[in-house]
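Participant: In full-length UniProt numbering, the protein residues as written are 1 to 147. Note that beta-carbon positions come from the ideal geometry of N, C-alpha and C, so glycine has one too.
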């Protein structure tokens with residue numbers, strides 16, 4: 001009887017069992033934290049690209065040049081940051097591009113979750129960034145342009 005009680009109270013191997021059960025859960029938690037960090041970083045990078053794109057648009061002299069500059073700068077900024085958009089939309093609200101007017105650029109980037117989590121997770125998420133900037137009040141205008 002005494003030997004049976006000793007066998008029932010014996011805890012040898014319980015730490016290994018607990019570790020075996022906890023390690024997969026801890027790894028999943030760690031991967032989730034990495035995923036959330038990379039998602040937040042991607043959204044910050046898209047927001048930064050919007051700031052760079054709006055600045056390029058305010059330096060342009062025409063609406064078509066502003067749209068072209070905003071898109072090319074946004075693509076370059078995202079590529080340099082390591083963000084791969086499955087589709088990128090650049091919406092530039094230019095107003096009249098006269099000194100003192102406001103330009104707003106909105107970037108919408110669809111990012112594959114497999115890129116963020118490094119686990120091959122299917123699906124996409126959308127990161128959106130909007131920035132506004134004022135066209136320099138003291139820049140010159142073309143002859144005949146309305147101030």
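Are three or more beta carbon pairs between the stretch 18 to 35 and the stretch 60 to 68 nearer than 8 Å?
Facilitator: Touching, no, given that fewer than three Cβ pairs across the two stretches are closer than 8 Å.
Participant: Can you check which of these residues, 98, 89 and 94, is closest to residue 151 by C-alpha distance?
Facilitator: Since the first residue shown for the chain is 1 and the last is 147, residue 151 is missing from the structure and cannot be characterised.
Participant: Who pairs with residue 111 in a beta bridge, going by DSSP?
Facilitator: 85 and 125, per the DSSP bridge assignment.
Participant: Residue 54 lies in the alpha helix (DSSP H); which residues open and close that run?
Facilitator: Residue 54 -> alpha helix (DSSP H) spans 14 to 59.
Participant: In whole angstroms, what separates the C-alpha of residue 46 from that of residue 107?
Facilitator: Approximately 7 Å between the Cα atoms of the pair.
Participant: So the candidates are 100, 22, 64 and 112; which of them puts its Cα closest to the Cα of residue 39?
Facilitator: That would be 112, whose Cα lies nearest to the Cα of residue 39.
Participant: Which residues does DSSP list as the beta-bridge partners of residue 91?
Facilitator: 106, per the DSSP bridge assignment.
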